[in-house]
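Q: Just dropping this structure here.
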Amino acid sequence: MKDWWQETFPQGQQSLVISDAQGYPVKIAYGEKGTGKPLILLHGMGSWSYNWRYSIDPLSKYFRVICFDAKGYGFSEKPWFRREHNGHQVIELERIIQALCDEPPLIVAESLGGLIALAFAQKNPELIGRLVVVNVPVFTERLPHWAMWLLAQTPLEVIQTIDSLRLAYLFAPLVREVMAIERRGVLFDPSILTQEDVYWITYPFIEFPGTLVKVAEELQIAAREIEHWQTNKPNMLTNIQNNLNLIKCPTLILWGDQDSWFPASHGEKLHRCIPNSKLQILHNCYHDASTGSSKELNAAIVEFTQDTNFW
239 MKDWWQETFP
249 QGQQSLVISD
259 AQGYPVKIAY
269 GEKGTGKPLI
279 LLHGMGSWSY
289 NWRYSIDPLS
299 KYFRVICFDA
309 KGYGFSEKPW
319 FRREHNGHQV
329 IELERIIQAL
339 CDEPPLIVAE
349 SLGGLIALAF
359 AQKNPELIGR
369 LVVVNVPVFT
379 ERLPHWAMWL
389 LAQTPLEVIQ
399 TIDSLRLAYL
409 FAPLVREVMA
419 IERRGVLFDP
429 SILTQEDVYW
439 ITYPFIEFPG
449 TLVKVAEELQ
459 IAAREIEHWQ
469 TNKPNMLTNI
479 QNNLNLIKCP
489 TLILWGDQDS
499 WFPASHGEKL
509 HRCIPNSKLQ
519 ILHNCYHDAS
529 TGSSKELNAA
539 IVEFTQDTNF
549 W
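To convert, note that position 144 of the sequence shown is 382 in this note's numbering; the numbers rise steadily by one, no gaps.
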């Protein structure tokens with residue numbers, strides 16, 4: 239199988255060392271393509287840069303596209319022995335942008351990446367030019383999938399044992415088959431997911447110890463957030479919801495009309511909460527819009543940035 243990074247980016251996979259939210263140095267994998275204004279692509283939970291495979295080349299004709307794997311995901315470092323604090327992704331996004339961008343970028347963010355981007359825009363308005371969010375879990379009341387719930391309920395010590403024994407590597411064909419079934423379940427047209435796609439989507443889980451632990455840890459953080467939101471305890475989710483009106487940058491909200499994880503009504507509500515925002519519904523689109531509706535998504539992003547009314 240060809241190296242996806244080398245095939246996708248002129249300089250292949252690059253690395254950047256930042257201080258994470260706890261002050262430890264951590265290596266971030268990224269790639270970039272194109273010239274012009276910077277555009278940052280943020281992936282969702284359990285994904286990595288590969289999820290943007292259909293957007294990198296088309297958008298690079300207009301922007302300097304920067305695609306990175308968040309800490310613990312994909313090809314980035316996985317400090318599985320350190321527990322994370324809620325909100326660490328926002329701090330780390332800030333440091334990545336400060337290291338790679340010489341002007342406020344356009345941020346395009348899907349699913350959990352969108353939630354991080356909303357929090358980032360509230361906290362760092364001077365570091366963002368425009369914002370595009372896709373199918374964001376900003377008003378969710380539960381983890382949307384049984385596997386997420388299962389990982390969120392399993393003690394991290396158990397997950398760590400599974401990970402350290404390299405069971406995903408030993409049972410790679412089964413892991414790929416299960417992942418293929420689940421990924422096809424969030425696509426309007428499941429047939430577009432190829433065997434090569436399945437190979438790369440599962441690659442970090444199979445090849446890099448620590449991936450499963452870090453994803454499970456993020457899910458446990460998310461589950462606690464939802465629980466605290468339900469019981470009116472202090473939580474980041476409520477804070478993001480209550481401060482959506484503070485997002486001043488032009489914002490495009492894209493939402494799949496058939497997203498069964500987070501319904502389009504959430505997009506309408508988000509649009510009402512962000513003053514300078516525009517809502518566009520993606521037709522025949524389930525949750526995975528970056529894969530299932532890439533052409534419509536890419537066209538919407540380009541049109542949004544060329545709309546002078548939104549500068």
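C-beta: ideal position from N, C-alpha, C; glycine also.
Assuming D258 and K309 make a contact with CB atoms under 8 Å, what is their CB distance in whole Å?
A: For this step, residue 258 is matched to residue 20 along the sequence shown. For this step, residue 309 is matched to residue 71 along the sequence shown. Rounded, the Cβ-Cβ distance is 6 Å, consistent with contact.
Q: Would you list, in sequence order, the uninterrupted beta strand (DSSP E) runs of no fewer than 3 residues that lie entirely inside the region 490 to 544?
A: Segments of the beta strand (DSSP E) lying fully in the region 490 to 544: 515 to 520.
Q: Report yes or no: do the region 452 to 464 and the region 263 to 273 share at least 3 C-beta pairs separated by less than 8 Å?
A: Contact fails: fewer than three Cβ-Cβ distances are below 8 Å.
Q: Classify A485 as helix, strand or coil using the three-state DSSP reduction.
A: Indexing the sequence shown from 1 puts residue 485 at position 247. As written in the sequence, residue 485 is Ile, which differs from the Ala given in the question. Here I485 sits in coil by DSSP.
Q: Across which residues does DSSP place I329 in a beta bridge pair?
A: Taking the first residue of the sequence shown as position 1, residue 329 is located at position 91. According to DSSP, which records beta bridges pairwise, I329 is partnered with nothing at all.
Q: When DSSP builds the beta bridges, which residues end up paired with I345?
A: Locating residue 345 in the sequence shown gives position 107, where the first residue counts as 1. For I345, which the question treats as bridged, DSSP gives the partners I278 and L369.
Q: Answer yes or no: do V370 and I539 have a C-beta to C-beta separation smaller than 7 Å?
A: Position 132 of the sequence shown, counted from the first residue, corresponds to residue 370. Position 301 of the sequence shown, counted from the first residue, corresponds to residue 539. Result yes, Cβ atoms of V370 and I539 sit closer than 7 Å.
Q: Quick check on P263: does DSSP put it in helix, strand or coil?
A: The residue labelled residue 263 in the question sits at position 25 within the sequence shown. P263 falls in the strand class under three-state DSSP.
Q: Kindly give me the distance between the Cβ atoms of L492 and L475, rounded to whole angstroms, as I take these residues to be in contact under 8 Å.
A: By one-based count along the sequence shown, residue 492 stands at place 254. By one-based count along the sequence shown, residue 475 stands at place 237. Not quite, the Cβ-Cβ distance comes to about 21 Å (not below 8 Å), so this is no contact.
Q: First and last residue of the alpha helix (DSSP H) that includes Q458?
A: On the sequence shown, residue 458 is found 220 positions in, with the first residue counted as 1. Taken as a continuous stretch (DSSP letters only), the alpha helix (DSSP H) holding Q458 covers T449 to Q468.
Q: Alpha helix (DSSP H) containing F306: first to last residue?
A: Looking up residue 306 in the sequence shown gives position 68. No alpha helix (DSSP H) contains F306, which is instead part of the beta strand (DSSP E) from R302 to F306.
Q: My output table needs one value for E315: the three-state DSSP class, helix, strand or coil.
A: Taking the first residue of the sequence shown as 1, we reach residue 315 at position 77. If DSSP states are grouped into helix, strand and coil, E315 belongs with coil.
Q: So, using beta-carbon positions, are L312 and P442 closer together than 7 Å?
A: On the sequence shown, residue 312 is found 74 positions in, with the first residue counted as 1. On the sequence shown, residue 442 is found 204 positions in, with the first residue counted as 1. For clarity, residue 312 is Gly in the given sequence; the question names Leu instead. Taking 7 Å as the Cβ cut-off, G312 and P442 qualify as a contacting pair.
Q: Residues in the same chain with beta-carbon distance under 6 Å from L279, minus the five sequence neighbours each way, listed in chain order, please.
A: Residue mapping note: residue 279 aligns to position 41 of the sequence shown, counting from 1. Excluding residues within five positions, the ones whose Cβ falls inside 6 Å are W290, C305 and V346.
Q: Could you say which of Y524, P501 and H326 lies nearest to K420 if we only look at CA atoms?
A: One-based indexing of the sequence shown puts residue 420 at position 182. First, the residue type needs correcting, since residue 420 is Glu and not Lys in the sequence shown. Closest option to E420, Cα to Cα, is Y524.
Q: Have a look at Y407, S285, W438 and V303 and flag the residue whose alpha-carbon is nearest the alpha-carbon of A454.
A: One-based indexing of the sequence shown puts residue 454 at position 216. Checking every option, the nearest Cα to that of A454 belongs to S285.
Q: Pull up the CB-CB distance for P343 and I366, whole angstroms please, since I reckon it's below 8 Å.
A: As a working note, residue 343 is residue 105 in the sequence shown. As a working note, residue 366 is residue 128 in the sequence shown. Correct: roughly 7 Å between the Cβ atoms.
Q: On the CB-based measure, 16 or more other CB atoms within 10 Å of its CB, does W318 come out buried or exposed?
A: One-based indexing of the sequence shown puts residue 318 at position 80. Buried: at least 16 other Cβ atoms inside 10 Å.
Q: Could you give the uninterrupted runs of the alpha helix (DSSP H) lying entirely in the region 371 to 444, keeping only those of 4 residues or more?
A: Counting only runs of 4 or more, we get 384 to 391, 394 to 402, 405 to 408 and 410 to 422.
Q: Do D401 and L450 come within 7 Å of each other at the CB atom, strictly closer than that value?
A: Counting from one through the sequence shown, the residue named residue 450 turns up at place 212. Counting from one through the sequence shown, the residue named residue 401 turns up at place 163. Against a cut-off of 7 Å, the Cβ pair of D401 and L450 comes out as a contact.
Q: Between I256 and the ligand GDP, is the CB less than 6 Å from at least one heavy atom?
A: Absent from the structure shown: the ligand GDP. Ligands present: none.
Q: Tell me whether Q479 sits in a helix, a strand or coil according to DSSP, three-state version.
A: Taking the first residue of the sequence shown as position 1, residue 479 is located at position 241. In this structure, Q479 counts as helix in the three-state DSSP scheme.
Q: Within the chosen definition, does the region 320 to 328 reach the region 351 to 361 through at least 3 CB pairs nearer than 8 Å?
A: Contact between the region 320 to 328 and the region 351 to 361 is present, because at least three Cβ pairs lie under 8 Å.
Q: Per DSSP, which one or two residues make a beta bridge with S257?
A: Taking the sequence shown and counting its residues from 1, one reaches residue 257 at position 19. DSSP, once it has assigned bridges, lists P263 as partnering S257.
Q: Taking 7 Å as the cut-off, decide whether the C-beta atoms of E332 and N373 are in contact.
A: If you number the sequence shown from 1, residue 332 lands on position 94. If you number the sequence shown from 1, residue 373 lands on position 135. No.
Q: Between V396 and Q260, what straight-line distance do the alpha-carbon atoms span, to the nearest angstrom?
A: For the purposes of this step, residue 396 is taken as residue 158 along the sequence shown, with counting starting at 1. For the purposes of this step, residue 260 is taken as residue 22 along the sequence shown, with counting starting at 1. Each residue's alpha carbon lies about 24 Å from the other.
Q: Nearest-angstrom Cα distance between M417 and T440?
A: The count along the sequence shown starts at 1 and reaches residue 417 at position 179. The count along the sequence shown starts at 1 and reaches residue 440 at position 202. If you take the alpha carbons of M417 and T440, they lie about 7 Å apart.
Q: Could you please give the first and the last residue of the uninterrupted alpha helix (DSSP H) stretch that includes W242?
A: Position 4 of the sequence shown holds residue 242. Its alpha helix (DSSP H) spans residues W242 to T246.
Q: Give the C-beta separation of L408 and R422 to the nearest angstrom, bearing in mind that I take them to be a contact with Cβ-Cβ under 8 Å.
A: Within the sequence shown, residue 408 is the residue found at index 170, counting from 1. Within the sequence shown, residue 422 is the residue found at index 184, counting from 1. Actually they are not in contact, since the Cβ atoms of L408 and R422 sit about 24 Å apart, beyond 8 Å.
Q: Can you name, in chain order, every residue of its own chain whose Cβ lies under 6 Å from the Cβ of W549, other than the five neighbours on each side?
A: Translated into the one-based positions of the sequence shown, residue 549 becomes position 311. Because W549 sits at a pLDDT of 43, beneath the cut-off of 50, its placement in the model cannot be relied upon, and the point is left open.
Q: Closest to S429 by C-alpha separation, out of K486, T529 and W243, would be which residue?
A: On the sequence shown, residue 429 is found 191 positions in, with the first residue counted as 1. When each option's Cα is compared against that of S429, the closest is T529.
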